[in-house]
Structures are given as structure tokens and as C-alpha cells.
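Structure first, then comments.
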Amino acid sequence: MFNIIKISCWKRCSINIYKLWGRFFVLVKNLQAKVEDRLINHIKESIEKAVKNGEIELEEIPEVNVEVPREKEHGDYATNIALAAAGEIGMNPRQLAEIIVNNLSAPEVEDVSIAGPGFINFKMSSRWLYDNLELIQKLGKDYGKVDYGKGKKVQIEFVSANPTGPLHVGHSRGAVVGDVLASILKTAGFKVEKEYYINDAGNQMDIIGKSTLLRYREILGEEIEMPENVYAGEYVKEIAEELYEEYGDSLLAKDENKAIEICREFAYKKMLKNIKRDLKEFGIEFDTWFSERDLHDGKIKSAVEMLRDKGFIYEKEGALWFKSTAFGDDKDRVIIKSDNSPTYLAADIAYHLDKLERGFDKLINIWGADHHGYIPRMKAVIEAFGYDRDTLEVIIVQMVTLLRRGKKMPMSKRAGSFVTMREVNKEVGTDAARYYYIMRSTDSHLDFDLELAKEESTNNPVYYVQYAHARIHSILENIPAEFSEDKADLSLLTDQTEIDLMKTLASYPEEIKLSAEARQPHHITGYAYDLATAFHGFYNNCRVLTEDEELSKARIYLVKSARQVLRNVLSLLGITAPDQM
RNA sequence: GCGCCCGUAGCUCAGCCCGGAUAGAGCAACGGACUUCUAAUCCGUAGGCCACAGGUUCGAAUCCUGUCGGGCGCACCA
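Per the working numbering: the first sequence ends with 611, consecutive numbering throughout.
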């Protein structure tokens, strides 16, 4: 915005605009350099000074950390530096703390105290909180962005289910985790591409072909006993019905292999279409849909040759093996079977080579817990191609148990009685579904109670967060017309609940960074919840629209800032921000 | 047998990476707050050998070792 103004009126007012831009930039920069960092610097300077004065003897300034204490009474920030360094210096921690405090000069610190075994607690002046509100208003949608990722290219591959049936709840969690993680990483400054690997080659595809053909014959009056190892779900019947509508009984006359092929391709197209539709309706879109079939016309071969040249391929018992034990795997793995067909791993080798060659700095794969045993061999593949094994990062998402009123819902793949992603989303709504799938750490097993997720009540965290947004809308609707437009005096915001809300707003960028670093979306649902809590607390304690116009204006400014951050975080989660509930 | 994840309040879970002050939420229980910008909210009370046993440390829910319990894997399947 500022750039455009600068160019369009360059001659006339370039200096003014420069000044404006410059001030804005300093504000952003200062706040991004963050109070914490400045505080850390002040502490370091204090220690340096004490060393110079000869009050303490120290070779090197140790790493200083500040944290937000659990207890509010302990101030805004605290450091344990005196405790950490006391041993090395050979001094009692409290005494050392005192020296540090005496040498400290930090304008933004309002009060400092020594507590407990030697903690130094800081109470900060509120000015930075007011500045931060202005920053939120200025940055709008961009508030929360950090440059932690430094523009590095990350590819995140997730879902990647066989197109042999509809997506079920087992896929849902990975889908939302992947989608939200991608958003988090983007916000944290990475360049992110989302990719779906379509396993459209190999055995499973033939099986869906066979299954469809059997159901097709059944429709045409044959008595069919469904064998083991066949897709038995109802959806196969539906596909067969449509197949019949299109082909009549003409497939019966065909050679069986030819018929299976037709069935397979028919089912494939239909299932892939369904998967894409279901994901889209769930708010999940991919940048790339990568077909496994594209690997089978040469890429597998050349990838295997490349490994052979590097000496990681050998032949045994009529099969071709990849020497994954050279990179820490338990055993070597077959990649070309004795019948000359490639294994799943062979395709994955070619696929990951392709990814690596596309120039990503980081490949993130999101897998279900049942695939964790596959990690060592894939890491081995990455290393065999000469890349750092950490280029590939696999995030294992633990299993989901669907419950209804606390009772486990039966799910059997064999009987085809799984609950589809679509059904669940339809029942509880996509907002609640998305929230529930990411509200727990990916490392933890997830209990998903349908009745709870559906409940429009205090039990339901999704509505709790959304309600905060609706309340803000309601307040802003009621602003009296006669309120003047001039600037609000933010220093009127002094109530504890106002301070708490402003602090929560200020911590958003840091939350993004931590969440991106840990690759854990649940930190963000937690933050959204905390933000709503801070807002509700403020709402119950402070009336926004009052007789006091000045105070009202300051609170309106705060409320608008809260709305902005709520919107940013909800949009990040892919959850709507309703004006009314 | 080996590997990965989990074990924290009655229930569902944060906190663990990077050790610090009295271990936090929500639900359930109990008691309060609507003539007000939405009570789908807020405030309070109660509830814990952080699975167990050792070790490291001035200090352990957090790090190390072992044990027990639960889940998931250990294919020339994908």
C-alpha cells in the first residue's frame, strides 16, 4: 500500500511518505524484535557491566532465556539466569540476581524483583501493548506472520489414500493436520506446497476392478459369493450400478482381464472424483495431485539404476533388494519382486527422488500411526540419494476413535462398515470436525465424540471461540453514530482483563513460530481458545459502549484488534468466523 | 522378541523438545453473577504419590535406565 503511494506521488511528497513508511517499518521491526529479545539484551548488558566492574567473574556470557511465568503475580517475564549461572560463578543465586538487577537499565521495564530461589521477575510498562494494537490494525490479515521459515521451500504430502474407496475418518485427521500445518508453516515464513500422492497403480487397483466386476455380475443376476480380499463396501455396489447403466450387459462378453480393466478404470475415476469433492467440501485443497502411474513408465527404473550405481542394490532369490540396512534400517527391502513387478517401496523411491529433484528444502510426510515402521526405510532412501536424512520429516498422526456418547463406534474394514469422512462432516459440521481433529497433539490418540462435537453448548470449544467473534460483531453493530472519528487514547486501557487480552493478542506471532517449529497444529487451537477466554473475560468485566466516549473508543479499538486476530487464527484453522450465532 | 506413540484431577487432555517458584485447562460436581454491547458467557469451591522403581541434579511431570499397563507396527501388501 505504502509503496504504491510512494510511486504515484513520488515527486511531490516522497519525503513525507518515506518518513511514514520508515516509522511504520521501525514499529514493525521493533515489535518483531519483540520485547522478549530486547529484555534479553538488557540482561546481557547488565551482566557484561557487572563483569567489567569486577563484581562477578565470568569467561563468557551464558545464554539468557526469559519466559512468561505461570503465575501472574510473578510478573510479565522472568529469567532463571541467576540460578543457571550461579554454579559456574560460584555464587549464591540470589546474590547474583541482585548484582544483575543493580546493573540493569531497561526503559520498558516498570518493576523488577528477585523471588524464590533466585528468579528475576519483570513487570513491563504497558506501552508496548498499545503499540501492538496499532500494529494489529496496520498489518490486518498479515498480523501473525513471522520470518522463521526464511522462505525455505517445504512440500507437505498428506492423505494420499488409494482411490479404491471413499475417505473415512481414519484419513480425516491426517487431512486436517496436513492442511493446517501447511497454513501454519506459510504464516511462519515457509514457501509451502501441498501434495496428494495418488496410489493408482498396483494390486489394490486390480482388486477394486475385480470387486466392481463381481458386483456388476451380481446385478446381472449371477449368484456371487464375495471372496476374501475384496472390497466389500456398499459403495462398490453403487459403482457397479453406474457401470451397468453405462455399459449394459456388454462387459459379460468381454475377456475377463479386459473387463476387470474397464471396471478398474471406471471405479478409479469415480473414486478419485469423490475424494477430491470430499476434500474440497472439507476446505482442503492441494497444489499438486501426483499420480503413481507417472512413475511406472521409466522413473522407477531410472531411480533404481541410480541406486545401483551407488552400490545399494543387489540381487537375491530372484528379486532386487535395496540395501537399506546401510542407513540404519532393520533389514534390506525388496524393490523388484521375483515376478519382476515393482513393490510399493520402488514407486516410493522414485516418487521421493522426484520430490528431491524438484528442489524442496524439506519434505514433510504425514502418515497414520500404522505406517510408522516405514520411516527407517524411507529415510534410508533419502540418504542413499545423497541427501541429509532429515530432509524428509515424517509426522505420525495417532489413531482416531469415533465415539457416540462415550461409546466406541464399531469399525471394520473387512465388513466395509467404516464411517466415511463425509458422513462425519455432515453430521457435526466442518468447523467442529476440523477443530476436533487438530485439538490434540498429533502424538496422542484422539477420542472423537460425535455427540460432543455436535453439541451447541458450553461443552464445545469450537462454538466458544466462534461466539467470541459473534459477540464482537454485535458490539460493533451498536456503536452510536455520534461517536467522533478521532484517535482513541489507548492508555485508558488499564483494567486487568484489558491487559490480559492485549497480552494474548501480542503473543500470537510467537505462537505461530512455536507451532511451526514443533509441527503441532494443536498449539493453535489452544491459542484460539485462550484468546476467546481472554476476550470473554474482558467482555464480562468491561462494558465497551459507555457514557465515557473516550474510554469507549479505546475499547472499540481493542475489540477491533481482537476481532482481527480471531479472524486470522480462525482462517488459519479453516474455520468460519460467524457474525451471529 | 524388537521398534514407535501414550500413561498427569472422576472423564478428555495441555505442559515434556530446552529441568526451576504453589503441576494447568475443559467436561462432570457444588456455590454465585443477566433491567446491560448475545448468560453458547463470567467468577468462585472442591478434586493430583504427574503409572511404578532406580539414577543424574542444588532442583525432575520434564533428562537417563529398567518395570508394568494400553494402542500401533514388524511382507517379494499397499
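Even for Gly, the Cβ is constructed at its ideal location relative to N, Cα and C. Note that the structure is a prediction, hence the values are computed from the model and not measured.
When the beta-carbon positions are compared, residue 362 and residue 373 stay at least 8 Å from each other. About 14 Å separates the beta carbons of residue 400 and residue 431, which is beyond the 8 Å limit, so they are not a contact pair. Less than 8 Å separates the beta-carbon of residue 367 from that of residue 349. Under the DSSP assignment, residue 398 falls outside any alpha helix (DSSP H), being part of the beta strand (DSSP E) whose first and last residues are 392-398. Taking C-beta atoms under 8 Å as the contact rule, residue 466 and residue 611 fail to qualify, at a distance of about 18 Å.
Listed in chain order, the alpha helix (DSSP H) elements of length 4 or more contained wholly in the segment 213-280 are 233-249 and 264-277. The beta-carbon distance between residue 109 and residue 175, rounded to whole angstroms, is 28 Å. This is too long to meet the 8 Å contact definition. Counted as a single uninterrupted DSSP element, the alpha helix (DSSP H) harbouring residue 563 occupies residues 552-571. In the three-state scheme derived from DSSP, where H, G and I count as helix and E and B as strand, residue 140 is classed as strand. In this structure, residue 269 lies away from residue 281, with their beta-carbon atoms at least 8 Å apart.
Taking 4 residues as the shortest admissible run, the segment 416-473 contains the following complete alpha helix (DSSP H) segments, listed from N- to C-terminal end: 451-458 and 460-468. Listed in chain order, the beta strand (DSSP E) elements of length 3 or more contained wholly in the segment 125-189 are 139-145, 149-154 and 183-187.
The beta-carbon distance between residue 313 and residue 464, rounded to whole angstroms, is 7 Å. This is short enough to meet the 8 Å contact definition. A Cβ-Cβ contact shorter than 8 Å links residue 536 with residue 159. With contacts defined as CB atoms closer than 8 Å, residue 528 and residue 568 qualify as a contacting pair. For residue 367, there is no enclosing beta strand (DSSP E), as DSSP marks it with neither H nor E. For residue 509, there is no enclosing beta strand (DSSP E), since its DSSP letter is neither H nor E. In this structure, the beta-carbon distance from residue 231 to residue 347 does not fall below 8 Å. Distance check between residue 327 and each of 371, 287 and 296 places 371 closest, using alpha-carbon atoms only. Membership of residue 381 in the alpha helix (DSSP H) is indicated by the continuous run 374-387. For residue 318, no alpha helix (DSSP H) encloses it; the enclosing beta strand (DSSP E) starts and ends at 318-321. In the structure shown, the three-state DSSP call for residue 590 is helix.
Counting the other Cβ atoms within 10 Å of the Cβ of residue 198 gives 16 or more, which makes it buried. For residue 292, no beta strand (DSSP E) segment is defined; the enclosing uninterrupted segment is the alpha helix (DSSP H) at 286-311. Per DSSP, residue 523 is not a residue of any alpha helix (DSSP H), being assigned neither H nor E. Taking every protein chain shown into account, the CB of residue 122 has fewer than 16 other CB atoms within 10 angstroms, so this residue is exposed.
For the pair residue 421 and residue 219, the Cα-to-Cα distance works out to about 18 Å. Taking all protein chains in view, the Cβ of residue 209 is crowded by 16 or more other Cβ atoms within 10 Å, so the residue is classified as buried.
When beta bridges are read from the DSSP output, residue 350 appears opposite 345 and 366. Minimum Cα-Cα distance from residue 206 among the listed residues 469, 546, 558 and 509 corresponds to 469. Between residue 409 and the set 423, 398, 397 and 396, the nearest pair of CA atoms involves 423. In the structure shown, the three-state DSSP call for residue 194 is coil. With contacts defined as CB atoms closer than 8 Å, residue 387 and residue 435 fail to qualify as a contacting pair.
Rounded to whole angstroms, the Cβ separation of residue 452 and residue 236 is 26 Å, and the two are not in contact under 8 Å. The bridge partners DSSP lists for residue 479 are 433. By the neighbour-count definition (other C-beta atoms within 10 Å, threshold 16), residue 570 is an exposed residue.
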